[in-house]
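Numbering (mature numbering (1 follows the signal peptide of the UniProt record, and there is no 0)), first residue to last: -25 to -1, 1 to 123.
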């Protein structure tokens, strides 16, 4: 037979356990939808590396721009060494979390696929394209800034 103090303590422990268990509520998880990456607009080259070496100062990239249109086409203005040389169409492998961008030049069946990154640098968005547009021994990385 239990002593009254032990019975009181046992009852108190049971009540405390029940109180703690009933006070726990399952947290509702909110689903946050992320918007698609918006590359629509005109972009200029701000930097180029080849095999990790900055080559921006060896060529005048300033006249170049590429305009991504919302209908899935792009227009190149003032051609420079770039991943594509003709106007055509573009697509991202995933609109919200893209890892690759593909270019299909007009009049060609070939598709050029490049690694794609869309970071914020300072206060502005960048597009970083990485690929080997010609010789597979050379990897180029183009950093593009949007023309405002």
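Glycine included, each C-beta is placed from N, C-alpha and C at the ideal position. Remember, predicted model here, so these are calculated numbers, not experimental data.
Short check: CB of residue i to CB of residue j, under 8 Å?
| i | j | result |
| --- | --- | --- |
| residue 16 | residue 43 | yes |
| residue 117 | residue 23 | yes |
| residue 58 | residue 104 | yes |
| residue 18 | residue 47 | no |
| residue 55 | residue 33 | no |
| residue 13 | residue 114 | no |
Look up residue i in the DSSP assignment and say whether it is helix, strand or coil.
| i | result |
| --- | --- |
| residue 32 | helix |
| residue 57 | coil |
| residue 115 | strand |
| residue 89 | strand |
| residue 19 | strand |
Could you compute how far the alpha carbon of residue i sits from the alpha carbon of residue j?
| i | j | result |
| --- | --- | --- |
| residue 83 | residue 60 | 11 Å |
| residue 71 | residue 10 | 6 Å |
| residue 21 | residue 120 | 6 Å |
| residue 101 | residue 108 | 20 Å |
Skipping 5 residues on each side, what residues in its chain have a beta carbon closer than 7 Å to that of residue i?
| i | result |
| --- | --- |
| residue 68 | 74 and 75 |
Q. Does the region 67 to 75 come close enough to the region 26 to 45 that 3 or more CB-CB pairs lie under 8 Å?
A. Contact between the region 26 to 45 and the region 67 to 75 is absent: fewer than three C-beta pairs spanning the two stretches fall below 8 Å.
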